[in-house]
Structure formats: structure tokens, C-alpha cells
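As C-alpha cells, the structure follows; a few thoughts come after it.
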Amino acid sequence: MSTTELHVHNPVEDLLRQDRVPTIWCPGCGIGTTVNSFAHALLGQQINLQKTAIVSGIGCSGRVSGYMNLDSFHTTHGRAIPFATGLKLANPELTVIVYSGDGDLTSIGGNHLIHAARRNMDIMVVCVNNMIYAMTGGQAAATTPGASNSTTTPYGAFEPELNMAQLVDAAGACFVARWTAFHVMQLERTMAKALKKKGFRFIEILSPCPTYYQRKNNMGDALAAMVDYKKRSKIKNGCPTWETALEPGGEIVVGEFVDREREDYLTRMRRQLGSHYSEFPPQPEEQESEGCEKEC
Amino acid sequence: MKADQRCVMTGTHFINGDAACCEGALSAGARFAAGYPITPSTEIVERFAARAPQVGGLFIQMEDELASSIAIQGMVWGGQKSFTVTSGPGYSLMMEHIGLAAISETPCVFVDVQRGGPSTGLPTLPAQGDMMQARFGSHGDYVTIAICPNSPQECYDLTVKCFNLAEKFRVPVMFMMDECVGHMTEKVVIPPAEEIDLYPRRHASKPPGEFQLFEAGEELVPEMAHAGEGYKLYVTGLTHDKRGYPALNPAAQRELVGRLFEKIRRAQDELTMVEAEGLEDADVVVVSYGITSRVAQKAIQAARDKGLKVGKLRLICVWPFPEKLIRELAGKVKALVMPELNMGQVVLELERCAGGQCKVIGVPHPGGTVHKPVEILEAIERGAR
Ligand SMILES: Cc1ncc(C[n+]2csc(CCOP(=O)(O)OP(=O)(O)O)c2C)c(N)n1
Ligand code: SF4
Ligand SMILES: [Mg+2]
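These protein sequence lines map, in sequence, to chains A and B. Going left to right, the first sequence walks through residues 1 to 296 as this note's numbering numbers them. Going left to right, the second sequence walks through residues 1001 to 1385 as this note's numbering numbers them.
Written out as C-alpha cells, the structure reads:
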């Protein structure tokens, strides 16, 4: 038997850019685990992968877009959401996913996160929360649990950590969930569900960074992180998001917290514009010209 | 390719430069825009917000200029033509995404209606203080094209031109208006759609699988495809190879940045866009751009009335700078005079290109109003001595 015959085809492979492997991620990093759940969720759906785009900012987590065999956009630090907004508005047929890190989405990009949720822009945002700026070498993020050590908070941070779930809930997201890299099956199911939903969807995933966060805080390796997630997490679907704060060493509330119906931006725009909106075929030169009504 | 008549407001209008710019964008086929309000540019997007839905487009007011300047790039990769509009402080916030557009070769237009600075400066008063920022504002090495109108008519005509140049060279194009031309109301003639030539998007001519997103042919400008067309695009702000994949090494950097420069350098002749008059026997040539050229006109006339031989050179395209033209001109005249509404920006480039062959006299002005013709006249007289 040749080795090729031995190779068992993993359906996820088709969703990854094989020519980009190996990834830049460290052994034990949780980002790849989340991508595996994401790829399975995508495969399980009837969505057209040709019409699916993934947008990232900058960071270790921001590299996800570049490993997916989709239309991939690796933008600037913090600005994946406004790029994705433009993409979706320009071509509403697209399924647009933003996949990025905690620092990227909530610190430098925090304002965009709030406003995309408020607008109920029809995009799905996946945030890998490793509680640190990993790509730049382990500095404190807005999500770093207060007492933790980081290269820029050698005495621990003097500020409390942000609860993203509560933030995007308050801003109007129509779907909000949190899992950890330990909850691969739940994560896949939640991602599948979110993929089918219309409007602003937000999924936070606690993910180990053994290289910086775990090491700086003597939390052991990736396996220890998994044990910790298993031990500390508590599934509370529908939990009010103000009860989901991630306190240092405390309970990790996971589950699907928010699942509500709200008219998304484009639907509302069309409805409000009514007859003021004129459909415009994408390729005018191929259409018969109908002349112009109104003043134009 | 011709403009789509449904978007073109053919006729004779009495509108200001901001409104004319908006109509120019629509004529050019831009039906999508993102922006954040700021004087004196807001009228452009206010008008666009009303006009765009009539042609199946939209304006989205983003949460800030960082968002606007990247949302438009999402729109472009989503298959549309798009632009953003701002002034001083907003332009500063957009710098990072001008760099992104440059490295990802995203064709788009940034309109900056210049006002006095630095910082919040003079919100409703004119300046031309962002000219160096238009050239060098984002970090790293890149080139852009910057165009300066001096009338509402040009705000229309040259906006169309900006979109065409953006598509042709796949660069972010800077449309450098100023408060005066933006708020000045004059006659603007919008031609019939069939008389407006549009440069079509350089769309991939090869099917997915064979197409490489950053493979540039003869002209050094690659073709592009859009999300959702099956190409599995990879677009990154990192230095990349022909596939668009990150390539973080000196060789890839040299190849990419070299090409970004070379594609514009080669087109220097085409991008030398000037209005020239009386250069043949001139002793002094007044070189100006934007609103300042209209004040300069007065000074030139006054100098001629005094018997001086004065020529006029108005730069319509300021970046890339018309290096060759200036070099030749500098060899023939006694002096080049450059008034501008800043403390001396483009004059540095003028001096460099003149290379000591003639006197170069700047007429700086911190903005807030335009020059007095006499200030320019004095400089002309000094040059003629
Ligand atoms: C404007 C800007 N500021 C700073 C940086 C440097 N930078 C790159 S990644 C990063 C942090 C990323 O953190 P996060 O989003 O949490 O991603 P992670 O690496 O942890 O996955 C920073 C600060 C940058 N690229 N751009
Ligand atoms: S530094 Fe941390 S987050 Fe980045 S790849 Fe390594 S383990 Fe993952
Ligand atoms: Mg992080």
C-alpha cells in the first residue's frame, strides 16, 4: 500500500489552504482548534462556500482568514469589522465572517464592534480570546484578567477586564455566545447555528496561549489550560450577559446567551427607502438602458 | 466604457464644488461611499446619501474615519466603485488605510477638502496644508496620485478622472480640494453619459485556478477579482507574493514595493496634467495649484500690465510631481514662483526639480483665507530682477 492510499481524507482539508501549512501557530495554541470547529460548522451547512468571505484584523488570531480556502481578507489592526461591513453592503449575497483576536476586536477595534452590533450588520464575528496580545509578545489586553501578569503589567493590570458578551449584547447583537477551546462540539454547533442566522452574531472563544498568557502566569501548558477550562466552565444557556463576567480564577460561564430577532441593516434600509430605492443591476452595460426617471 | 446615464445628471447646473464632486463620483460609477461628517466636506456625502439610493447604491455613515477609509475598500473588493470624503483631522485618521489601499492595490478615491490646520485648526476656512500628507502621510514607501481642482466644474470633471486613474493604476487617488473650491458656487456643465469615458475595472481575464491575484503584466498593474466570484482571493496588508500570500522577506519586499513605484513612474508623462500659458518667453513662471491658481491669475495679469514676462503653470496633478517639465522649464526662466496655502510644502519639490537652475521663490501662507494678489506680485517682481 502506498502512503497516498493510507491517507484518510479529512473533509476539513478542503477548507484550508493546504499550500499555507504549516501555520505560524505554536504547538498547543488554541486558535487551530477553533478553526477546526469552524471548518466543520461551515461544511455542515448548505451555504455556498464560493460566496463566503472571511476577514481578519492583525494578530495570531488574525491569521485565520489566510488559512481558510475562502475569499480571505487580512486587513489592518482592529479594522476587520468596517472592512467586512463594506464587503457585505457591496454584495449582500456574501456570507461574511470576521475572525480575529480579543485585542484586535475589543481594544483598537472596540468602537467598530459596538457600532456593527448596533447597526445589526449581517456579519458573524468570531473572537479568539486568549486574554493577551499574543502576536506582539504577551502584552496586556482589555480582556486580560486584572491580576494577571503580562509584559506591560509586571505588577498585574490596574484595570478590570472587559466582558465582551455584555458589551455586544447591550449594543444590540442578535446572537451572542461563548465557549472555550475545550468545548469543540458545542462550539461547532453554535457556529453552525450562527452561520444560518441573519444579523450581527458574536461568538467568543476562550483559547489558550501557552507561549505567553499561560507561561507568564504559571498556568502550565495547553493541556493544563484545557483541564482548567473544563473545571471552571459552567454551561448557562440564556444567561443574562451581565452575569457572565470572566473574573480571574472564577467561574467561566459558557453557552449561547442571546438569540433574538432584529431587523438587520440592509433589510431595514430597503424597507425604509421603499420606492426611493431603485434596484440597479450590477453590470449596467449588459442591460438595456431604461432611461432615467427622477432628476438624474 | 461609457458612463451609465441613470447616474449622470446631464445639464447645466449652478452648484458648489462639493455638490459637483458628488455628481462626478456618481458619473464615474461610484454608487457606494462611506464617510464621517466633517466641515467643509460634508456636503459631498449629504448629497450622495440622497442620490445613491436612487441608483441602487448607498452611503453609510461610519463611526469614524478609520472605519470609513477601510469600509470603502471592502466595497471595492465586493465589486463596487467607492470613495470616502473628509477634511484635515479626518484625513489624518485615514492614513493607515491609504497605505492598505496602496499595498493591496485597491482602486478607490479619497477626497480631502482641505481646511486650516494643524489639528482642529480652522474648520471652515481654506488651506492647502495636507499636500505633503497626501504624498507621504501613511507609513512606509508607496506612491499615490493627487489631483487638485480649482473650480466647481473641475470638481466634477476631475472626480471622474480620479476614479479612472484609480482603476487604471490600481492606486488610492487623492482628490485634494480646499474649502474655497468646495464651497464656491459656479456654473457646472455635466455632459451626456455617452460623452463620459470610464476606465473599466481590470477584471481577471483568467478563470479561478489559473489566475494569480498580484501577477502584473506589461503595465505592471495586476488584474483583480471580487469576493464571491470563486477566486478564493487572498488580500493582505502584509508584503505578499503574486498569489497574494504573505512573503516576509527582502526579495518579496523589493519586488512588490519596486513595482508599486514603477507602475506610476512609467506613467509620468500621462500623469503630467497641467494648464500652461505664456511659458515660451517667460522670465518668471508662477507655479500653483487649486484655489491659489485663481489668485495667481490676478497677480500674473498685474505683472504683465507692468510689462513683465510672466508665464502660468497650474498643476492639476500634483503627485506624481511633473519632474521633467519643471526641470526643463527651470533651465529657461529666471525664476519660478510658487504661492500655496501652507508654509511651504510643494515648493520643496519644485526647488528639488529646479535643481539650482533658476531662483525658486515660495509664497507661503498659513491659510484661513487666500493670498492677496499683491503678495504674489511682489514675488514675481523679485523673481524678474
Ligand atoms: C495600528 C497597529 N497598532 C499595533 C499593532 C501591533 N499589533 C499587532 S497584533 C497586536 C495585538 C493582537 O492581539 P489580539 O488581537 O488579541 O490577537 P492575538 O495575537 O492575541 O491572537 C498588536 C498590538 C499593529 N499591527 N497595528
Ligand atoms: S503566541 Fe500564543 S496565540 Fe500566538 S500562536 Fe503562539 S500560542 Fe497561539
Ligand atoms: Mg489575544
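Ideal placement from N, C-alpha and C gives every residue a C-beta, glycine not left out.
### Same chain only: Cβ atoms within 7 Å of A:A192, ignoring 5 sequence neighbours per side
Here residue 192 of chain A corresponds to residue number 192 of the first sequence, with the count starting at 1. Taken in chain order, the residues that qualify are A41, G44, Q45.
### Message
Closer than 7 Å to a non-hydrogen atom of ligand 3 - does that hold for the CB of A:G249?
### Response
Along the first sequence, one-based indexing puts residue 249 of chain A at 249. No.
### Task
Please list the residues of the segment 48–59 of chain A that have a C-beta atom closer than 7 Å to any C-beta atom in chain B, keeping them in chain order.
Listed by position, the residues of the segment 48–59 of chain A near chain B (Cβ gap below 7 Å) are Q50, K51, A53.
### Message
So if DSSP puts A:R178 in a beta bridge, which residue, or which two residues, is it bridged to?
### Response
Residue numbering aside, residue 178 of chain A sits at position 178 when the first sequence is read from its first letter. Beta-bridge pairing by DSSP links A:R178 to A:E204, A:G255.
### Query
Between A:V98, A:N111, A:W25, A:W179, which lies nearest to A:E256 when the distance is taken from Cα to Cα?
The count along the first sequence starts at 1 and reaches residue 256 of chain A at position 256. Measuring from the Cα of A:E256, the nearest candidate turns out to be A:W179.
### Query
Run through DSSP, which three-state label would B:I1070 get?
Locating residue 1070 of chain B in the second sequence gives position 70, where the first residue counts as 1. Correct three-state label for B:I1070: helix.
### Message
According to DSSP, B:P1126 sits in a beta bridge with which residue or residues?
### Response
By 1-based counting over the second sequence, the position of residue 1126 of chain B is 126. DSSP, once it has assigned bridges, lists B:R1115 as partnering B:P1126.
### Message
Can you pull out the residues from the segment 1174–1189 of chain B whose beta carbon lies closer than 8 Å to at least one beta carbon of chain A?
### Response
Listed in chain order, the positions of the segment 1174–1189 of chain B with a beta carbon within less than 8 Å of a beta carbon of chain A would be empty, since no residue qualifies.
### Task
Please state if the CB of B:Q1061 and the CB of B:C1108 are separated by a distance shorter than 8 Å.
Start at 1 with the first residue of the second sequence, and residue 1108 of chain B comes out as number 108. Start at 1 with the first residue of the second sequence, and residue 1061 of chain B comes out as number 61. In this structure, B:Q1061 does not lie closer than 8 Å to B:C1108 by Cβ.
### Message
With a threshold of 7 Å (Cβ to nearest heavy atom), would A:W242 be considered close to ligand 2?
### Response
Start at 1 with the first residue of the first sequence, and residue 242 of chain A comes out as number 242. Result no, Cβ not under 7 Å from ligand 2.
### Task
Kindly list the residues whose CB is nearer than 6 Å to the CB of B:I1147, restricted to its own chain and excluding five residues on each side of it in sequence; keep chain order.
Locating residue 1147 of chain B in the second sequence gives position 147, where the first residue counts as 1. L1158, C1162, F1175, C1317.
### Query
Apart from the five residues just before and just after A:R119, which ones in its own chain have a Cβ nearer than 7 Å to its Cβ?
Position 119 of the first sequence, counted from the first residue, corresponds to residue 119 of chain A. Only Y265 meet the Cβ criterion.
### Task
List the residues of chain B whose Cβ lies closer than 7 Å to the Cβ of A:H112, in chain order.
For this step, residue 112 of chain A is matched to residue 112 along the first sequence. Chain-order list of chain B residues neighbouring A:H112: E1063, A1067, by C-beta distance under 7 Å.
### Message
Just checking: is the beta-carbon of A:P208 within a distance shorter than 8 Å of some beta-carbon in chain B?
### Response
As a working mapping, residue 208 of chain A is identified with position 208 in the first sequence. With its beta carbon at least 8 Å from every one in chain B, A:P208 lies outside the interface.
### Task
Note down, one range per segment and in chain order, each alpha helix (DSSP H) of at least 4 residues found wholly within the segment 1230–1288 of chain B.
Counting whole runs of 4 or more residues, the segment 1230–1288 of chain B contains the alpha helix (DSSP H) stretches 1250–1265.
### chain B contact residues for A:F200, given Cβ-Cβ distances below 9 Å
For the purposes of this step, residue 200 of chain A is identified with residue 200 of the first sequence, where counting begins at 1. From the beta-carbon of A:F200, no residue of chain B is found nearer than 9 Å; the closest lies around 14 Å away.
### Query
Quick one: which chain B residues come within Cβ less than 8 Å of A:T211?
Here residue 211 of chain A refers to the residue found at position 211 when the first sequence is read from its first residue. In chain order: nothing, as chain B lies at least about 19 Å away.
### Query
How about A:F182 and A:K230: are their beta carbons less than 8 Å apart?
Position 182 of the first sequence, counted from the start, is the residue given in the question as residue 182 of chain A. Position 230 of the first sequence, counted from the start, is the residue given in the question as residue 230 of chain A. The criterion of a C-beta distance shorter than 8 Å is satisfied by A:F182 and A:K230.
### Minimum Cβ-Cβ distance from A:T76 to chain B less than 8 Å
What you label residue 76 of chain A is simply residue 76 of the first sequence in a count that begins at 1. It does: the Cβ of A:T76 has a partner Cβ on chain B nearer than 8 Å.
### Query
CB of A:Y67 to nearest heavy atom of ligand 2: below 7 Å?
Residue numbering aside, residue 67 of chain A sits at position 67 when the first sequence is read from its first letter. No.
### Task
Can you tell me which of the three DSSP states A:W242 falls into?
In the first sequence, the residue the question calls residue 242 of chain A occupies position 242. In the structure shown, A:W242 falls within a helical segment according to DSSP collapsed to helix, strand and coil.
### Message
Counting only C-beta atoms, is B:G1024 closer than 8 Å to chain A at any point?
### Response
Within the second sequence, the letter at position 24 stands for residue 1024 of chain B. No, because no Cβ of chain A sits closer than 8 Å to the Cβ of B:G1024.
### Task
State the Cα-Cα distance for the pair B:R1243 and A:H74, rounded to the nearest angstrom.
In the second sequence, counting from the first residue as 1, residue 1243 of chain B sits at position 243. In the first sequence, counting from the first residue as 1, residue 74 of chain A sits at position 74. The alpha-carbon atoms of B:R1243 and A:H74 are separated by roughly 14 Å.
### Task
Give me the Cα-Cα distance between B:M1224 and B:D1269, rounded to the nearest whole angstrom.
Along the second sequence, read from residue 1 onward, the residue named residue 1224 of chain B stands at position 224. Along the second sequence, read from residue 1 onward, the residue named residue 1269 of chain B stands at position 269. Each residue's Cα considered, the two are about 25 Å apart.
### DSSP bridge partner residues for B:P1222 (one or two, in chain order)
The residue labelled residue 1222 of chain B in the question sits at position 222 within the second sequence. Beta-bridge analysis with DSSP links B:P1222 to B:A1216.
### Message
My output table needs one value for B:P1339: the three-state DSSP class, helix, strand or coil.
### Response
As a position in the second sequence, residue 1339 of chain B is number 339, starting the count at 1. In the structure shown, B:P1339 sits in a strand (DSSP, three-state: E or B).
### Message
By DSSP's criteria, B:M1176 is part of a beta bridge. Which residues make up the other side?
### Response
As a position in the second sequence, residue 1176 of chain B is number 176, starting the count at 1. BP columns for B:M1176 point to B:D1112.
### Message
To test your reading of the DSSP string, which unbroken beta strand (DSSP E) runs of 3 or more residues are found completely within the segment 1335–1380 of chain B?
### Response
As far as the segment 1335–1380 of chain B is concerned, its whole beta strand (DSSP E) runs of at least 3 residues are 1335–1339, 1359–1363.
### Message
Nearer than 7 Å: is that true of the beta carbon of B:V1286 relative to any heavy atom of ligand 5?
### Response
Ligands in the displayed structure: ligand 1, ligand 2 and ligand 3; ligand 5 is not one of them.
### Message
On a Cα-Cα basis, can you pick out the residue from A:Q18, A:H7, A:H9, A:A53 that is closest to B:G1228?
### Response
For the purposes of this step, residue 1228 of chain B is taken as the residue at position 228 of the second sequence. It is A:A53 whose Cα lies nearest to the Cα of B:G1228.
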